[in-house]
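Those protein sequences? They're chains A and B, same order as listed.
For the first sequence, the residue numbers in the working numbering are 14 to 217.
For the second sequence, the residue numbers in the working numbering are 40 to 276.
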Amino acid sequence: MKRIFCTVALLAFASLAAAQDVTPDVLVKGITQDVLGVLKQKDGVDPKAIATIIETKVLPHFELTRMTQLAMGRNWRSASPEQQKLLTAEFMTLLVRTYSTALSTYRDQVIDVKPLRAAPNAIDVTVKSDVKRPGSQPIAIDYDLGKTPAGWKVYDVKVGGVSLVTTYRETFANEIRENGIDGLIKSLATKNRQSDARFGASKT
Amino acid sequence: MLARVVAAAALMAALGGCATTANNPSDPLEPLNRTVFRFNDAVDEAVLKPVARGYRAAVPQMARTGVTNFFANLEDLWISANNLMQGKVESALGDFLRFTFNSSFGLLGVIDIASEMGLEKHNEDFGQTLGRWGVGSGPYLVLPFLGPSTVRDGSALVVDYKAGLLSYAVDDVAVRNSLYALKYVDTRANLFDATGLVEEAALDKYTFVRDSWLQRRRSLVYDGNPPREPADSDEPK
């Protein structure tokens, strides 16, 4: 009964309510399906459309600032608010590319999102998913999520145990040591523009 | 051959150890590693990539899968032994059954029937076994021709090689070397997706490959559930 009420409430209220009530594993399943759905028609679809769909369907579920903060480590606090904003924007563009490239590798495989086992009052959970590949060990894609006022948000994605976020920590630290925070922003922007050319997509 | 490469790498590592300017604690040999990394990259661009690309163009997908499966099957026996050494009896049994079914019904492993039967393939090697026993990975080490490794995993490769079915089941040197060459090319051909990802993702290729490799190995040692590191927190050090 309570569940029916919840469902009705969920339907009744706008997206904010939906975001708060969706469980982490359902959220991850949705993200995975959205991305795979787009990538499967990659050959027939305009690359710009892919970028747009990822930006509208996936990014809202990612806690962008926290991800950038994680990748920056201690250096985050020495960045000005303006620099933090630029860093977050550039890092996100890079992450979306990496994440969709990683998933597109597996676009013909079955991705199995495992049901979440966590305490009901948990505020930090990991949702695990497996990419089944015939003949080799399944690749694990794990999503770390945190509870925020706006619902569950992904703050790290690990592919085969490799974090798409913290893997950059050392690279970022090196870049900052050599060229400062502005240097890092610049090299991220350069990287993204190079990929733009390869993807054939541009943010408009 | 492999043993010699590893020995040479270890020697170079020992020599290179004198001149360290690196700032990553897990990579004290960074200057040397970067040199070997550049060397591997050059070899890859000049030889391996073109050969692997030709292999992909000339051999149909189905045959390539057969080749991959054939070599993967040979490894399952040693994977089973490693699972046993790590005390994972059930996994070890599964690997052994995989090897038995695939070698017979799967036509010498060319068809991976066991996966379809629900016997999942595992990823194990002696380096992981050592890690499970508590042996630390030691410094990061880029091996010539073989790529990213660590002192522990690089040394363990010698054991993996000696224990590999190819090394003692195939007597004819020419045949054995041809099989090794095919395996090498097949492995490289299967890596195109991964290298594409690195190109897409990396600001500095060396650092990116190193840091993802170290995370990957750590995750493998703990079978996908590594304890959280201090590096996972928002405030390192």
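Think of the CB as a built atom: it goes at the ideal place given N, C-alpha and C, for glycine as much as any other residue.
In chain order, what residues of the same chain have a beta carbon less than 7 angstroms from the beta carbon of residue i, not counting five sequence neighbours either side?
i	result
P37/A	L129, V138, V140, L158 and W165
N205/A	E103, T106 and L107
V260/B	Q167, G170 and R171
N122/B	S130, A131, D134, H161 and E163
A131/A	V138
T101/A	L77, T78 and T81
Which residues in the same chain have their Cβ closer than 8 angstroms to the Cβ of residue i, if we skip the five residues on either side of it in sequence?
i	result
S142/B	N112 and G148
V123/A	V144 and K145
T107/B	D225 and N229
S91/A	I194
L177/A	L108, T111, Y112, A115, D169, V170 and K171
G105/B	V149 and I150
A102/B	none
L83/A	Y168, D169, V178, T179 and R182
By the DSSP assignment, the alpha helix (DSSP H) with residue i in it spans what residues?
i	result
Y119/A	Unbroken run through Y119/A: none, as it is neither H nor E.
D115/B	Q100 to M124
V9/B	No statement about residue 9/B is possible, as the shown extent of chain B runs from 40 to 276 and does not include it.
I44/A	P37 to K53
L196/B	V190 to A202
R146/A	Element bounds for R146/A: not the alpha helix (DSSP H) but the beta strand (DSSP E), D137 to R146.
I154/A	Run containing I154/A: none in the alpha helix (DSSP H); it sits in the beta strand (DSSP E), S149 to T161.
How is the beta strand (DSSP E) around residue i delimited, first residue to last?
i	result
P183/B	Here P183/B belongs to no beta strand (DSSP E), and DSSP marks it neither H nor E.
Y261/B	Run containing Y261/B: none; DSSP gives neither H nor E here.
G220/A	Outside the modelled stretch of chain A, which goes from 14 to 217, sits residue 220/A, for which no answer is possible.
G175/B	Unbroken run through G175/B: none, as it is neither H nor E.
With 16 other CB atoms within 10 Å as the buried threshold, where does residue i fall?
i	result
W172/B	exposed
M80/A	buried
Q125/B	buried
M85/A	buried
G157/B	exposed
R110/A	buried
T60/B	Note on T60/B: pLDDT 47, under 50, position unreliable in the model; no value is reported.
Chain B partners of residue i, CB-CB under 7 angstroms?
i	result
A153/A	G263
E218/A	One cannot answer for residue 218/A here, as it falls past the ends of chain A, which runs 14 to 217.
S208/A	E239
Starting from the beta carbon of residue i, find every residue of chain A whose beta carbon is closer than 9 angstroms, and list them in chain order.
i	result
N216/B	The premise fails here: N216/B is roughly 25 angstroms from chain A at the closest Cβ pair, so nothing lies under 9 angstroms.
S258/B	A153, K171, G173, G174 and V175
G145/B	Residues of chain A passing the Cβ test: none, with the nearest at roughly 10 angstroms.
L230/B	Here the premise fails: no neighbours, minimum Cβ distance about 11 angstroms.
In chain A, what lies closer than 8 angstroms to residue i by C-beta?
i	result
E159/B	Q150 and P151
Name, please, each residue of chain A whose Cβ falls closer than 7 angstroms to the Cβ of residue i.
i	result
Q254/B	G174, V175, S176 and T180
D211/B	Within 7 angstroms Cβ-Cβ: nothing; D211/B doesn't reach chain A, min ~27 angstroms.
Going along the chain, which residues of its own chain have a beta-carbon closer than 6 angstroms to the beta-carbon of residue i, five neighbours each way excluded?
i	result
V174/B	R191
R227/B	L87 and A91
F144/B	I152
I want to verify the contact list: residues of chain B whose CB lies under 8 angstroms from the CB of residue i, in sequence order.
i	result
K204/A	L242
Proximal residues, the stretch 132-143 of chain A versus chain B, C-beta separation under 9 angstroms
Answer set for the stretch 132-143 of chain A: K141.
In chain order, what residues of the stretch 95-122 of chain A put their CB closer than 8 angstroms to some CB of chain B?
Correct list: L107, R110, T111, T114, A115 and T118.
Residues of the stretch 157-176 of chain A whose Cβ lies closer than 7 angstroms to any Cβ of chain B, in chain order
Residues of the stretch 157-176 of chain A with a C-beta atom less than 7 angstroms from some C-beta of chain B are G173, G174, V175 and S176, listed in chain order.
Closer than 7 angstroms, Cβ to Cβ, to anything on chain A: give me those residues from the stretch 68-102 of chain B, in chain order.
Per Cβ criterion, the list is empty.
Along the stretch 187-201 of chain A, where does the CB come closer than 9 angstroms to a CB of chain B? Name the residues.
Taking 9 angstroms as the Cβ-Cβ cut-off against chain B, the residues of the stretch 187-201 of chain A that qualify are N187, E188, R190, L197, S200 and L201.
Compile a chain-ordered list of the residues in the stretch 111-142 of chain B whose CB is closer than 7 angstroms to at least one CB of chain A.
If the cut-off is 7 angstroms between Cβ atoms, the stretch 111-142 of chain B has A111 near chain A.
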